[in-house]
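One structure is given here, and the rest of the page talks about it.
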Amino acid sequence: MQSPEINELASALVSAQAEFSAVPKGSTNPFFKSKYAGLPEVVSHTAPVLAKHGLAVSQFITHAEDGTDSLLTYLLHKSGQFIAYSMILHLPKSDPQGQGSAVTYARRYSYMSVLGLVADEDDDGNKASQPKSAPKVKEPTALDNMRDLLSKKFEAPADRKKYVEGLMGRELKSLNDLSSAEIAGVILELS
């Protein structure tokens, strides 16, 4: 998405890109033992040049049409002209830390991309072109099998729990509290 005209923005971006140098890699990834340019380094490295040419980058967390979390990045010019694009957020895990990590990662790459910046080492696409290993299929556990059998017999989770408590002769916080032997007994009873 962009404004009807982008001539002033394009001209300012060309001038800014002529002044950008490679962003210094001041952050370290301990897992991969590699250096990279973190978001604070990228922003501080570019802010003076952007301001000089009447440019700004603004980013917002939003949702794609299908409801997927995404990051919307705008490259703005003081004339009101803009270019915007969206990047889907890929959460490593579904919790606040996972979302924060995905947002920071997306902000850094989107920020660098919209300005045409270079920092990370170029591996000539080697990592992207390596064949992906097949995803590991999780074998169902006895607990999974028991839950499956219970769901076929009882529609409501509360009824499933009540049934198992009746078999065990005790109250349970959850079905996860059952021992392996107890799970096997419930499966036997349901089979």
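If you're matching positions, the sequence shown starts at 1160 in this note's numbering and goes up one per residue. Built from N, CA and C at the ideal position, the CB exists for glycine as well.
Simplified DSSP state of residue i, which is helix, strand or coil
i	result
D1283	In this prediction, D1283 scores a pLDDT of 35, lower than 50, which makes its location untrustworthy; the coordinate-derived value is nonetheless stated afterwards. DSSP places D1283 in coil when its eight states are reduced to three.
S1269	helix
A1215	strand
T1205	helix
D1228	strand
S1260	helix
E1167	helix
S1162	coil
S1245	strand
L1331	coil
L1302	helix
L1349	helix
L1235	strand
Residue i versus the options, residue with shortest Cα-Cα distance
i	options	result
H1236	Q1161, N1304, L1309	Q1161
A1210	A1175, S1180, K1184, K1321	A1175
P1163	S1238, L1309, A1340, L1347	S1238
A1206	A1223, E1178, I1247, L1334	E1178
A1223	A1315, M1246, L1334, R1329	M1246
M1267	F1219, D1254, E1324, S1253	Strictly speaking, residue 1267 in this sequence is Arg, with Met absent from that position. Per the Cα distances, F1219.
Contact under 8 Å by Cβ, residue i with residue j
i	j	result
V1216	V1277	no
V1345	L1326	yes
I1342	A1317	no
K1320	L1349	no
L1214	L1230	no
Y1322	L1309	yes
M1271	V1201	yes
Inter-residue CB distance, residue i and residue j (contact presumed, cutoff 8 Å)
i	j	result
S1269	T1232	4 Å
G1257	P1251	5 Å
L1248	D1225	The Cβ separation is near 13 Å, so there is no contact.
Distance cut-off 7 Å: residue i Cβ against heavy atoms of the ligand NAP
i	result
A1243	As far as ligands go, the structure on display features none, and thus does not contain the ligand NAP.
- Quick check: the region 1161 to 1176 against the region 1237 to 1254, are there 3 or more CB pairs under 8 Å? yes
- Count the CB pairs spanning the region 1262 to 1276 and the region 1194 to 1213 that are closer than 8 Å, and state whether there are at least three. Taking a contact to require three or more Cβ pairs closer than 8 Å, the region 1262 to 1276 and the region 1194 to 1213 qualify as touching.
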